[in-house]
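Visitor:
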Amino acid sequence: MATSSISLPQLYYTVPFSVAALVCFWTLSKVEGISDRDTRRGLTALLLTSGCWAVSHVGFLVAPSIWLKEGFYMAGLIVGFSTIGAWLYFCSAYTGRSLHRNRSYRTAAVAIFIAVVSVKLTNPVYHLYFTTQVVQSPFVHLEVQYHTIHWIVVGLSYALAFVGYFMLFELFAEVDVNARPLQLLVAITGLPVVLDILVYSTPSLIDITFEPLGVAVFAVGVCVVYLDTFEEAQLAGEMDDPVISLTQDDTIRDSNHRARELFPLLARSTGKPLARVLPSVAEQLETDDSILELRHDGSSRYFQLITSPVGAPKSNFGTTVRFADVTDREQYRRELERQNDRLDSFAGMVSHDLRNPLNVAQGRLELSLEEHGDLSNLTTVRDALDRMESLIEDILVLARQGQPVEESERIELAAFSSKCWEMVDTETAALEVEEDFRFGGSSQRLQRLFENIYRNAIEHGMPESPASDGNSAPFTVTVGPLESENGFFVADNGSGISSDERDDVFTSGYTTDRHGTGFGLAIVSEIVEAHGWQIDVTASESGGARFEISNVTRFAD
274 MATSSISLPQ
284 LYYTVPFSVA
294 ALVCFWTLSK
304 VEGISDRDTR
314 RGLTALLLTS
324 GCWAVSHVGF
334 LVAPSIWLKE
344 GFYMAGLIVG
354 FSTIGAWLYF
364 CSAYTGRSLH
374 RNRSYRTAAV
384 AIFIAVVSVK
394 LTNPVYHLYF
404 TTQVVQSPFV
414 HLEVQYHTIH
424 WIVVGLSYAL
434 AFVGYFMLFE
444 LFAEVDVNAR
454 PLQLLVAITG
464 LPVVLDILVY
474 STPSLIDITF
484 EPLGVAVFAV
494 GVCVVYLDTF
504 EEAQLAGEMD
514 DPVISLTQDD
524 TIRDSNHRAR
534 ELFPLLARST
544 GKPLARVLPS
554 VAEQLETDDS
564 ILELRHDGSS
574 RYFQLITSPV
584 GAPKSNFGTT
594 VRFADVTDRE
604 QYRRELERQN
614 DRLDSFAGMV
624 SHDLRNPLNV
634 AQGRLELSLE
644 EHGDLSNLTT
654 VRDALDRMES
664 LIEDILVLAR
674 QGQPVEESER
684 IELAAFSSKC
694 WEMVDTETAA
704 LEVEEDFRFG
714 GSSQRLQRLF
724 ENIYRNAIEH
734 GMPESPASDG
744 NSAPFTVTVG
754 PLESENGFFV
764 ADNGSGISSD
774 ERDDVFTSGY
784 TTDRHGTGFG
794 LAIVSEIVEA
804 HGWQIDVTAS
814 ESGGARFEIS
824 NVTRFAD
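For the sequence shown, position 374 matches number 647 in the working numbering, and the numbering has no gaps at all.
(1) Relative to the alpha-carbon of residue 410, which residue among 806, 280 and 684 has its alpha-carbon at the smallest distance?
(2) Looking at the secondary structure, which residues open and close the alpha helix (DSSP H) in which residue 348 lies?
(3) In the DSSP output, what is residue 524 paired with across the bridge?
(4) Give the C-beta separation of residue 722 and residue 800 to the nearest angstrom, bearing in mind that I take them to be a contact with Cβ-Cβ under 8 Å.
(5) Buried or exposed, going by whether 16 or more other CB atoms sit within 10 Å of the CB of residue 690?
(6) Given residue 523, which residues of its chain have a CB within under 6 Å of its CB, disregarding the five upstream and five downstream residues?
(7) On the criterion of 16 or more Cβ atoms from any shown chain inside 10 Å, does residue 765 qualify as buried, or is it exposed?
(8) Is it true that the CB of residue 315 sits closer than 8 Å to the CB of residue 363?
(9) Roughly how many angstroms lie between the CA atoms of residue 704 and residue 632, to the nearest whole one?
(10) Taking only the alpha-carbon atoms, compute the straight-line gap between residue 454 and residue 442 and give it to the nearest angstrom.
(11) I'd like to confirm the pairing. Which residues does DSSP put opposite residue 805 in its beta bridges?
(12) Any idea what DSSP makes of residue 412, helix, strand or coil?
(13) If I measure Cβ to Cβ from residue 346 and keep anything under 8 Å in the same chain, skipping five residues before and after, which residues do I get?
(14) Give the straight-line distance between the Cα atoms of residue 539 and residue 697, rounded to the nearest whole angstrom.
(15) Given residue 423, which residues of its chain have a CB within under 8 Å of its CB, disregarding the five upstream and five downstream residues?
(16) Kindly examine the ligand NAP and report whether one of its heavy atoms sits closer than 7 Å to the Cβ of residue 714.
(17) Grab me the residues of residue 492's own chain with a C-beta within less than 7 Å of its C-beta, minus the 5 sequence neighbours each way, in chain order.
(18) Locate the beta strand (DSSP E) running through residue 565, then write down its first and last residues.
(19) Under a Cβ-count criterion, where at least 16 other Cβ atoms within 10 Å of its own Cβ denotes burial, should residue 572 be classed as buried or exposed?
(20) So, does the region 704-714 touch the region 676-685, judging by three or more C-beta pairs under 8 Å?
(21) Taking 8 Å as the threshold, find out whether the region 283-297 comes into contact with the region 471-487 through three or more Cβ pairs.
(22) Hey, residue 630 and residue 701: beta-carbon distance below 8 Å or not?
(23) Who are the near neighbours of residue 798 in its chain, counting only those whose CB is closer than 8 Å to its CB and skipping five residues on each side?
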């Protein structure tokens, strides 16, 4: 059998498959734009096998001899079945699964492929797969009659192909990006099945598979038209964290629902510059520090900003910003830093503050020994040793109070602050409680907090003697809840703390009294921080000192 020219009906079949082959092979040059290596490999294999499958169809249709037609048809059966493996490899890699790397699955796939190919290759001998006959209409071609094994292989192929479709559509349903174009492209790869059924049920049409046409359309759509969406969907599928997708000029392209929950402003921000919508995020991306702190309802959350390019380096379409929640890690790191700072403070204090009274005690003792019985210097020795004892006690308290509070008790501000007042030598001072406030905290630590603030007020704010005219108001310490937020204050009407000193009063060892240890308010600060609260010092209405403790969790009355 020989043909001298291609008839018009032949062109109806050969042109689409020729175009499909050219498209598949041409798109191979575009695959490098895909960033994920395994996905790139899978799609490359799918394009190669589909392109070769289309070429085998063209050869089957236009070959001038029977044996060439049968050869092209056999090649199409083999390479067509191999597209199933390439399809599953691609789907597994793209959806973030590891099935394509599983040795057991790969071994089983190779075994099935060899078994099926063996049956196909031995078909000329045993005719278990198909038989052929020459048909003259609508042009000279081979008509194929399929046997049972063929339908078993077809059923297996469709079942495996469906697994790949399931993986893809599951991903598209879960990701929070506009995946409709991708869903349409994937659906197009399945449309040739309708044509397959149509030609099989219509005797006047040539029975040939049309799958390469669907793959060609899919390839152009993915690698040329919707590559950025293709990349974003894959990245979004791999992440449960908040994700923002940016263009090359840092304009917001898209975001997932977790990002919109974290930043509600993203809901209507597509096409807007990131710096305008989320300036804090934009500023953080410009720095070397990748940790972003977000405060909400009085507490802090920490996120590490992880940027990834969309597309391969040669075809970068923009950037995705992933917000990885590292709150626990960052809080632990900061707690370690605080503990190290305390250790440094203790070391400096031990080397300086404790050494001075120790040297005084040693010097005075030497003088007493040299003067044989003169005990007058021993009083100074006793005072120096007493100071050392106070310093050591405050050091231990400071070290213990910085540990986080694990169990809270119900505290009633009025009763508790009054009880603490009774434990302090308040001399002629008075306590006033404006209003009650119920909250949770460690009663043991809070007792020391109130006592230390009371002592600080009396020792530093209370005048040494009342005014001679007798008209001055008595020294008073006032306790009450904050008006604007959850918390409480302790204020006095004494001399106050100057604005220059307010940043230093909570520093370990800082004191304006040469007899003081400088640890009273440092301990207060540690207790507040251990509760997760915040403390600020300002001036009271009368000009005295006012300590405000905020971010306190209120208990219902």
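All residues carry an ideal CB built from backbone N, CA and C; glycine is no exception.
None of these values were measured; they are calculated from a predicted model.
Guide: Quick answer:
(1) 280
(2) 339-367
(3) 546
(4) 5 Å
(5) buried
(6) 547
(7) buried
(8) yes
(9) 41 Å
(10) 12 Å
(11) Residue 805 is not bridged to any residue.
(12) coil
(13) 329, 333, 405, 415 and 417
(14) 54 Å
(15) 402 and 403
(16) With respect to the ligand NAP, the structure shown offers nothing to examine, as it has no ligands at all.
(17) 296, 297, 300 and 320
(18) 564-569
(19) exposed
(20) yes
(21) yes
(22) no
(23) 779 and 808
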